[in-house]
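Asks:
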Amino acid sequence: MSLSRERIIQKRLFALGILVFVASGCAKHYISHPFKPDTSSAREINIIALAPVEVPSDLLKSAQVPLELASMISEKLVQAGFQVVGPEVFKEKMTAVIREKGGAYDPITGKRDEAKFRELKKACLSNIQATTGAKAALWAKVVPVPAPFSGCRARWDGTTEYVSTTFLGIFCPTSSMFGNTSAISLVVTMEDIDGNILYFNGGGIQLLKRFVESFPFGGKFQNVADDQLLADTARKSAAVELALGPLLSPDK
102 MSLSRERIIQ KRLFALGILV FVASGCAKHY ISHPFKPDTS SAREINIIAL APVEVPSDLL
162 KSAQVPLELA SMISEKLVQA GFQVVGPEVF KEKMTAVIRE KGGAYDPITG KRDEAKFREL
222 KKACLSNIQA TTGAKAALWA KVVPVPAPFS GCRARWDGTT EYVSTTFLGI FCPTSSMFGN
282 TSAISLVVTM EDIDGNILYF NGGGIQLLKR FVESFPFGGK FQNVADDQLL ADTARKSAAV
342 ELALGPLLSP DK
């Protein structure tokens with residue numbers, strides 16, 4: 102392998118290391134649920150480091166979406182009395198540690214050394230704590246989830262949305278149907294420096310598939326148009342409120 106090719110691979114693995122490290126904070130499998138999470142330990146934290154928000158590449162139609170979600174999350178946390186270390190600082194500290202200690206990926210095979218990865222993650226979080234005073238990290242990720250529907254509406258993770266368009270505001274083509282369709286939710290995970298999960302919750306954003314009627318009868322579920330993905334500011338704001346709600350207002 103040529104030196105230039107090896108350097109290209111190393112650079113790609115370094116970038117991958119940062120991306121996967123950010124994603125690892127939300128690695129716990131998420132299943133939509135109606136239960137209120139425990140917030141007792143999380144509420145004892147006063148300074149939170151917010152990681153860059155992750156949005157799947159197939160849903161990321163605008164580079165501003167992760168920044169917009171991060172801004173909404175930060176604003177809600179500050180309003181609730183938390184101090185927030187922003188994602189740009191988080192990424193800067195994380196990058197410095199990875200450059201110093203090296204990545205957790207083999208430059209030839211690309212495979213991840215799990216023990217090294219855990220060590221690297223702990224070092225990154227410890228560095229953030231030492232330099233910013235943050236006692237916990239908060240990871241946020243947009244994830245696909247099933248959305249149960251019955252009749253005209255789907256309900257999941259605290260939100261609801263019409264599965265199909267009503268005719269003249271009266272007739273709904275899915276009124277006698279029920280099942281699951283596809284949706285996305287914002288999932289947040291809060292960990293202390295040792296990697297213990299302090300808070301884990303999700304808030305529904307929007308449907309990915311809606312029923313489109315075919316004239317005169319029939320129809321099928323189709324993907325939502327690309328320009329409508331994560332484009333509704335009100336729904337994104339509501340998802341942030343739902344995902345963080347029990348943490349922001351534990352008595353509700």
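Just so you know, the numbering used here puts 189 at position 88 of the sequence shown, and the rest follows in order with no gaps.
For every residue, glycine included, the Cβ atom is placed at its ideal position computed from N, Cα and C.
Note that the structure is predicted; figures quoted are calculated from it, not measured.
Flag this pair as touching only if the region 303-316 and the region 280-288 have three or more C-beta atom pairs under 8 Å; answer yes or no.
Replies: Cβ pair count under 8 Å is three or more, so yes.
Asks: What is the residue span of the alpha helix (DSSP H) that Phe183 lies within?
Replies: Careful: Phe183 lies outside any alpha helix (DSSP H) and carries neither H nor E.
Asks: Determine whether the beta carbon atoms of Leu299 and Ala237 lie at a separation below 8 Å.
Replies: Contact: yes.
Asks: Hey, Phe218 and Ala231: beta-carbon distance below 8 Å or not?
Replies: No; because the gap between Cβ atoms is not below 8 Å, this pair is not in contact.
Asks: For Ala335, which of Ser227, Thr260, Lys223, Val264 has the nearest alpha-carbon?
Replies: Closest option to Ala335, Cα to Cα, is Thr260.
Asks: When burial is assigned at 16 or more other CB atoms within 10 Å of the CB, is Thr210 buried or exposed?
Replies: The residue is exposed, with fewer than 16 neighbouring Cβ atoms inside 10 Å.
Asks: Cys253 and Cys273 - do their beta-carbons sit closer together than 8 Å?
Replies: A contact, by the Cβ cut-off of 8 Å.
Asks: What is the rounded straight-line gap between the Cα of Lys222 and the Cα of Met278?
Replies: Distance between the alpha carbons of Lys222 and Met278: 46 Å.
Asks: Mapping the DSSP letters down to three states, classify Gly296 as helix, strand or coil.
Replies: In this structure, Gly296 counts as coil in the three-state DSSP scheme.
Asks: Given Val186, which residues of its chain have a CB within under 6 Å of its CB, disregarding the five upstream and five downstream residues?
Replies: Once the five neighbours on either side are set aside, the close Cβ partners of Val186 are Ala150, Thr233, Ala235.
Asks: Please list the terminal residues of the continuous beta strand (DSSP E) segment that includes Pro138.
Replies: No beta strand (DSSP E) contains Pro138, which DSSP labels as neither H nor E.
Asks: Buried or exposed: Ala181, going by 16 or more other Cβ atoms within 10 Å of its Cβ?
Replies: It counts as exposed.
Asks: Under the rule that 16 or more other beta-carbon atoms within 10 Å means buried, what is Lys202, buried or exposed?
Replies: By the 10 Å Cβ count, Lys202 comes out exposed.
Asks: If distances are taken between C-alpha atoms only, which option among Val244, Asp295, Gly280 comes closest to Glu155?
Replies: Of the listed residues, the one whose Cα sits closest to Glu155 is Val244.
Asks: Using 10 angstroms around the beta-carbon of Val341, count the other beta-carbons present and answer buried if the total reaches 16, otherwise exposed.
Replies: The residue in question, Val341, is buried, as its Cβ has 16 or more Cβ neighbours within 10 Å.
Asks: Measure the alpha-carbon distance for Pro167 versus Pro153 and round it to whole angstroms.
Replies: When rounded, the distance between both Cα atoms is 7 Å.
Asks: Output yes or no for whether 8 Å exceeds the beta carbon distance between Pro247 and Arg256.
Replies: It is not a contact, given that the beta carbons lie outside the stated cut-off.
Asks: Report the three-state DSSP secondary structure of Gly346 (helix, strand or coil).
Replies: In the structure shown, Gly346 sits in a helix (DSSP, three-state: H, G or I).
Asks: Where does Asp328 land, buried or exposed, given buried means 16+ other C-beta within 10 angstroms?
Replies: By the neighbour-count rule (16 or more Cβ atoms within 10 Å), Asp328 is not buried but exposed.
Asks: What residues in its chain sit with their C-beta under 7 Å from that of Leu343, if we drop five residues either side in the sequence?
Replies: Around Leu343: Asp258, Gly259, Thr260, Gly304, Gly305.
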